[in-house]
Amino acid sequence: MTAFTCALGVHGPRRLRVGSCSKHASKLAADRKSQVDGRGVLRLALPRLFRWAVLGLLFLSTLGAAEPTVAVGVARSDITPELPIRLSGYQSRPDEATRVQMPMTARALAIGSDAAGPVVLITAEVIAVSEVVSEAVATAVRAKYPAITRERIAVCATHQHTGPAIAGTIPFMFSRDLPVDEQARIERYTAKLQEKLIAVALAALADRKPARLAWAQGKTDFAVNRRLIVDGKHTGYKATPGGPVDHALPVLRAVDEQGGVRAVLVNYACHCTTLKGGDNYVHPDWAGEAAKRIEGTNGGAVALVAIGCGADSDPQPRGLPAVATNGGAVAEEVARVMAGEMRAVGQVTHAAFRRIELPLGRMVPREELEARLKGKPNIAYAAAQFLRQLDAGKPLPAAVPYPVQAWVFGGDFAMVFLGGEVVAEYALRLKRELGVSRLWVNAYANHVPCYIPSRQVLQEGGYEADHAMDYYGWPTRLAEDTEDRIVRTVHDVLPANFLKGSPR
Numbered sequence: 132m133t134a135f136t137c138a139l140g141v142h143g144p145r146r147l148r149v150g151s152c153s154k155h156a157s158k159l160a161a162d163r164k165s166q167v168d169g170r171g172v173l174r175l176a177l178p179r180l181f182r183w184a185v186l187g188l189l190f191l192s193t194l195g196a197a198e199p200t201v202a203v204g205v206a207r208s209d210i211t212p213e214l215p216i217r218l219s220g221y222q223s224r225p226d227e228a229t230r231v232q233m234p235m236t237a238r239a240l241a242i243g244s245d246a247a248g249p250v251v252l253i254t255a256e257v258i259a260v261s262e263v264v265s266e267a268v269a270t271a272v273r274a275k276y277p278a279i280t281r282e283r284i285a286v287c288a289t290h291q292h293t294g295p296a297i298a299g300t301i302p303f304m305f306s307r308d309l310p311v312d313e314q315a316r317i318e319r320y321t322a323k324l325q326e327k328l329i330a331v332a333l334a335a336l337a338d339r340k341p342a343r344l345a346w347a348q349g350k351t352d353f354a355v356n357r358r359l360i361v362d363g364k365h366t367g368y369k370a371t372p373g374g375p376v377d378h379a380l381p382v383l384r385a386v387d388e389q390g391g392v393r394a395v396l397v398n399y400a401c402h403c404t405t406l407k408g409g410d411n412y413v414h415p416d417w418a419g420e421a422a423k424r425i426e427g428t429n430g431g432a433v434a435l436v437a438i439g440c441g442a443d444s445d446p447q448p449r450g451l452p453a454v455a456t457n458g459g460a461v462a463e464e465v466a467r468v469m470a471g472e473m474r475a476v477g478q479v480t481h482a483a484f485r486r487i488e489l490p491l492g493r494m495v496p497r498e499e500l501e502a503r504l505k506g507k508p509n510i511a512y513a514a515a516q517f518l519r520q521l522d523a524g525k526p527l528p529a530a531v532p533y534p535v536q537a538w539v540f541g542g543d544f545a546m547v548f549l550g551g552e553v554v555a556e557y558a559l560r561l562k563r564e565l566g567v568s569r570l571w572v573n574a575y576a577n578h579v580p581c582y583i584p585s586r587q588v589l590q591e592g593g594y595e596a597d598h599a600m601d602y603y604g605w606p607t608r609l610a611e612d613t614e615d616r617i618v619r620t621v622h623d624v625l626p627a628n629f630l631k632g633s634p635r
């Protein structure tokens with residue numbers, strides 16, 4: 132097999148077509164600058180996507196038939212809500228949404244035979260999933276497939292901010308009690324969503340056929356750190372080049388025995404906030420756009436997009452035209468990665484799931500809560516709910532429940548699932564400790580209880596450390612050792628043979 136290598140930083144060697152790597156990088160940079168709106172992306176990015184797709188097909192034709200196959204199934208389901216419905220993500224919207232700009236989708240990927248014990252990964256274009264929903268999905272799937280125990284199913288949200296509010300997530304999002312009819316529509320949608328997530332998982336399991344799995348990593352750079360730090364303290368939101376960010380774009384591909392692409396799973400660590408608070412319509416943002424384009428380029432494939440540790444990263448540019456720009460950047464890089472060399476992987480040989488408690492930093496006295504009643508609406512509303520809880524004889528929570536999950540494919544490729552809105556420093560640290568070329572980190576997985584700040588973010592303060600806790604229904608910030616607790620748990624759920632190959 133002939134190939135041509137170009138080094139791409141920490142992401143290791145990539146196989147590209149003949150030509151200068153520097154010229155290729157310069158061309159990509161120039162093309163990115165020209166993608167100023169949605170029309171520009173359609174005009175410029177799609178031809179490149181098709182060129183990469185052709186190269187990918189040529190590469191696939193060289194795969195040896197001796198490579199082992201794995202049972203792989205895929206499915207998708209429309210999860211677009213009935214209207215009107217209240218959207219989540221931005222508090223400022225005055226009314227329910229009454230328009231669908233782009234449909235919402237849930238997708239599922241099943242890997243492994245019944246004998247080996249399959250795993251199922253679900254991605255849903257929603258703001259968040261609660262533990263109640265993910266546990267209901269896991270329980271229903273296990274009822275039909277007893278080998279799929281809790282550690283073998285993962286439910287990930289894309290966290291777009293132009294989708295329905297989900298019952299049991301971000302409970303104080305609106306800093307007021309919603310009208311009864313609005314809340315009822317949210318509850319009905321959440322129940323239907325749960326049913327559809329169960330159905331899409333079962334459909335993927337029923338769809339399993341022999342396929343070859345491979346993965347590789349690319350890179351794209353529209354995620355920008357959003358925390359403005361002055362003298363070591365958070366002072367507001369602003370695009371902050373040089374701040375912590377994870378630009379890696381890992382890709383997992385499943386190819387059937389005829390060489391056709393069946394599934395693509397991609398991860399990128401960035402908020403789905405290309406669209407803003409004034410955009411009061413249903414839309415899956417850049418993640419949905421990327422999935423649509425990847426599926427369009429690989430006819431018949433199902434493209435799942437998961438979100439990495441990008442809770443402190445926002446996309447740039449922003450606005451409706453930029454959805455095509457950002458989604459197109461992901462799809463183009465996926466096509467480039469799949470046109471090059473990818474490392475074959477087998478089925479999951481180790482799966483683990485652990486729930487831990489993340490202690491809050493302190494107990495908040497009643498007097499402090501009463502003083503908060505005079506604060507801003509979000510602070511006052513949260514304080515009122517906490518006081519109501521105390522008046523009912525119920526203690527305030529002392530810790531946040533938190534899920535950590537890991538799958539290992541063979542002995543040298545691990546996929547980690549972290550709950551919550553996880554900031555970039557977690558992925559960067561885990562990759563340093565466990566190996567950047569063999570680790571994939573998904574966030575917003577299984578349960579989204581709150582932001583998950585690093586030790587550095589807690590020291591700097593600001594929205595991710597403090598203010599967001601009001602919306603998520605917690606009386607104070609997480610403890611200073613949160614990062615170490617989570618990282619230690621990730622190490623604990625990985626097997627010894629994987630840890631032996633870690634850089635440290």
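Numbering (the numbering used here), first residue to last: 132 to 635. Here a beta-carbon is modelled for each residue, glycine too, at the ideal position from N, C-alpha and C. Keep in mind it's a predicted model, so treat the numbers as computed, not measured.
Neighbourhood of A269 by C-beta, 6 Å cutoff - its chain only, sequence neighbours within 5 removed
To locate residue 269, count along the sequence shown from 1; it is residue 138. Cβ within range, chain order: R281, I284.
Provide the residue(s) that pair with D601 in DSSP beta bridges, ordered along the chain.
-> In the sequence shown, the residue the question calls residue 601 occupies position 470. DSSP, once it has assigned bridges, lists no residue as partnering D601.
Could you have a look at V172 and say whether DSSP puts it in helix, strand or coil? Taking the first residue of the sequence shown as 1, we reach residue 172 at position 41. Only weak support exists for where V172 lies, its pLDDT of 37 falling under 50; the value from the coordinates is given anyway. If DSSP states are grouped into helix, strand and coil, V172 belongs with the helices.
message = Check for me: the beta strand (DSSP E) holding E488 runs from which residue to which?
response = Your numbering for residue 488 matches position 357 in the sequence shown. Unbroken beta strand (DSSP E) run through E488: 479-490.
**Q.** Spatial distance of D377 from Q348 (CA atoms)
**A.** In the sequence shown, residue 377 corresponds to position 246, counting from 1. In the sequence shown, residue 348 corresponds to position 217, counting from 1. So the two alpha carbons sit approximately 12 Å from each other.
Close Cβ partners of I487 (< 6 Å) along its chain, the five nearest in sequence each way excluded: As a position in the sequence shown, residue 487 is number 356, starting the count at 1. The answer, listed in chain order, is Y533, T620.
Q) Taking just the CA atoms, how far does A421 sit from S633? A) Your numbering for residue 633 matches position 502 in the sequence shown. Your numbering for residue 421 matches position 290 in the sequence shown. The straight-line gap from Cα to Cα measures roughly 32 Å.
Review point. Whose C-beta lies closer than 7 Å to the C-beta of T211 among residues of the same chain, with five residues either side of it excluded?
Key: Sequence index remark: in the sequence shown, residue 211 carries index 80 (1-based). Excluding residues within five positions, the ones whose Cβ falls inside 7 Å are V231, P234, M235, V413.
- Message: Starting from D226, trace the beta strand (DSSP E) in both directions and tell me its first and last residue.
- Response: As a working mapping, residue 226 is identified with position 95 in the sequence shown. First-last for D226: undefined, no H or E at that position.
(Q) I need the straight-line Cα distance from A529 to L609, nearest angstrom please. (A) Stepping through the sequence shown from its first residue, residue 529 is reached at position 398. Stepping through the sequence shown from its first residue, residue 609 is reached at position 478. Cα to Cα, the separation comes out at about 10 Å.
- Pick out the complete beta strand (DSSP E) segments inside the stretch 269-308, 3 residues or longer, and give them in chain order. 284-288
(message) Our contact map puts P249 next to T229 with C-beta atoms below 8 Å; I'd like the distance itself, whole angstroms only.
(response) Residue mapping note: residue 249 aligns to position 118 of the sequence shown, counting from 1. Residue mapping note: residue 229 aligns to position 98 of the sequence shown, counting from 1. At roughly 41 Å, the Cβ-Cβ gap does not stay under 8 Å, so P249 and T229 are not in contact.
Please classify I210: does DSSP put it in a helix, a strand, or coil? On the sequence shown, position 79 is the one that residue 210 refers to. The answer is coil: DSSP assigns I210 none of H, G, I, E or B.
### Message
Taking contact to mean 3 or more Cβ pairs, one atom from each stretch, closer than 8 Å, check whether the stretch 565-576 and the stretch 485-504 are in contact.
### Response
no
Handout entry: Status (buried if at least 16 other CB within 10 Å, exposed otherwise) for K525
Key = Translated into the one-based positions of the sequence shown, residue 525 becomes position 394. Exposed: under 16 other Cβ atoms inside 10 Å.
How about R224 and N411: are their beta carbons less than 7 Å apart?
Here residue 224 refers to the residue found at position 93 when the sequence shown is read from its first residue. Here residue 411 refers to the residue found at position 280 when the sequence shown is read from its first residue. Yes; because the gap between Cβ atoms is below 7 Å, this pair is in contact.
Exercise for the section: Starting from A418, trace the alpha helix (DSSP H) both ways and give me its first and last residue. Expected result: Indexing the sequence shown from 1 puts residue 418 at position 287. Its alpha helix (DSSP H) spans residues 416-428.
message: Between L451, A334, G390, which has its C-alpha nearest Y276's C-alpha?
response: Position 145 of the sequence shown, counted from the start, is the residue given in the question as residue 276. Per the Cα distances, A334.
- Query: By Cβ distance below 6 Å, which residues in the same chain neighbour P302 in space, the five residues on each side in sequence not counted?
  - Reply: As a position in the sequence shown, residue 302 is number 171, starting the count at 1. Contacts found: G604.
_Does E388 pass the burial test, meaning 16 or more other C-beta atoms within 10 Å, or should it be called exposed?_
Taking the first residue of the sequence shown as 1, we reach residue 388 at position 257. Exposed, since its Cβ has fewer than 16 Cβ neighbours within 10 Å.
ask   = Thinking C-beta only, is A437 closer than 7 Å to V395?
value = Residue mapping note: residue 395 aligns to position 264 of the sequence shown, counting from 1. Residue mapping note: residue 437 aligns to position 306 of the sequence shown, counting from 1. Against a cut-off of 7 Å, the Cβ pair of A437 and V395 comes out as no contact.
Which class does N577 belong to by DSSP, given the choice of helix, strand or coil?
Taking the sequence shown and counting its residues from 1, one reaches residue 577 at position 446. Coil.
Review point. Cα-Cα, which of L518, G551, L504 is closest to V535?
Key: The residue you call residue 535 lines up with position 404 of the sequence shown. Closest by alpha carbon: G551.
Checklist entry - On the three-state DSSP scale, how would you describe R569? => result Within the sequence shown, residue 569 is the residue found at index 438, counting from 1. The answer is coil: DSSP assigns R569 none of H, G, I, E or B.
*asked:* Does chain D have any CB closer than 7 Å to the CB of A475?
replied: Absent from the structure is chain D; it holds one protein chain and no more.
Quiz item: Where does H402 fall in DSSP's three states?
Solution: Position 271 of the sequence shown, counted from the first residue, corresponds to residue 402. H402: coil per DSSP, three-state reduction.
Item to check | Which of helix, strand or coil DSSP assigns to H622 | outcome: Here residue 622 corresponds to residue number 491 of the sequence shown, with the count starting at 1. Correct three-state label for H622: helix.
### Query
Does DSSP put E552 in a helix, in a strand, or in coil?
One-based indexing of the sequence shown puts residue 552 at position 421. Reduced to three states, the DSSP call for E552 is strand.
Problem set entry | Distance between P490 and T300 (C-alpha atoms, nearest Å) | Here residue 300 refers to the residue found at position 169 of the sequence shown. Here residue 490 refers to the residue found at position 359 of the sequence shown. One C-alpha to the other measures close to 19 Å.
Checking the sheet assignment: what are the DSSP bridge partners for L383? Position 252 of the sequence shown, counted from the start, is the residue given in the question as residue 383. Beta-bridge pairing links L383 to W346, L396.
Fill in: Close-in-space but distant-in-sequence residues of the same chain around D623 (CB under 6 Å, 5 per side omitted)
By one-based count along the sequence shown, residue 623 stands at place 492. Nothing listed; no residue qualifies.
Report task. Decide yes or no for the touch test of the stretch 448-466 against the stretch 397-411: beta carbon pairs closer than 8 Å, at least 3 of them. Result -> yes
**Study point:** Other residues of its chain near A596: CB distance less than 6 Å, five sequence neighbours each side excluded
**Key:** Counted from its first residue, the sequence shown places residue 596 at position 465. P584, V588, L589, R608.
**Request:** Could you tell me the boundaries of the beta strand (DSSP E) in which R319 lies?
**Result:** The residue given as residue 319 occupies position 188 in the sequence shown. Unbroken run through R319 is the alpha helix (DSSP H), 311-337; no beta strand (DSSP E).
Exercise for review: Name the residue from P295, A246, I258, L309 whose alpha carbon lies nearest to the alpha carbon of I279.
Suggested key: By one-based count along the sequence shown, residue 279 stands at place 148. Among P295, A246, I258, L309, the Cα nearest to that of I279 is on A246.
Worksheet item: Which of the three DSSP states, helix, strand or coil, is assigned to Y512?
Response: As a working note, residue 512 is residue 381 in the sequence shown. Of the three classes helix, strand and coil, the one that applies to Y512 here is helix, per DSSP.
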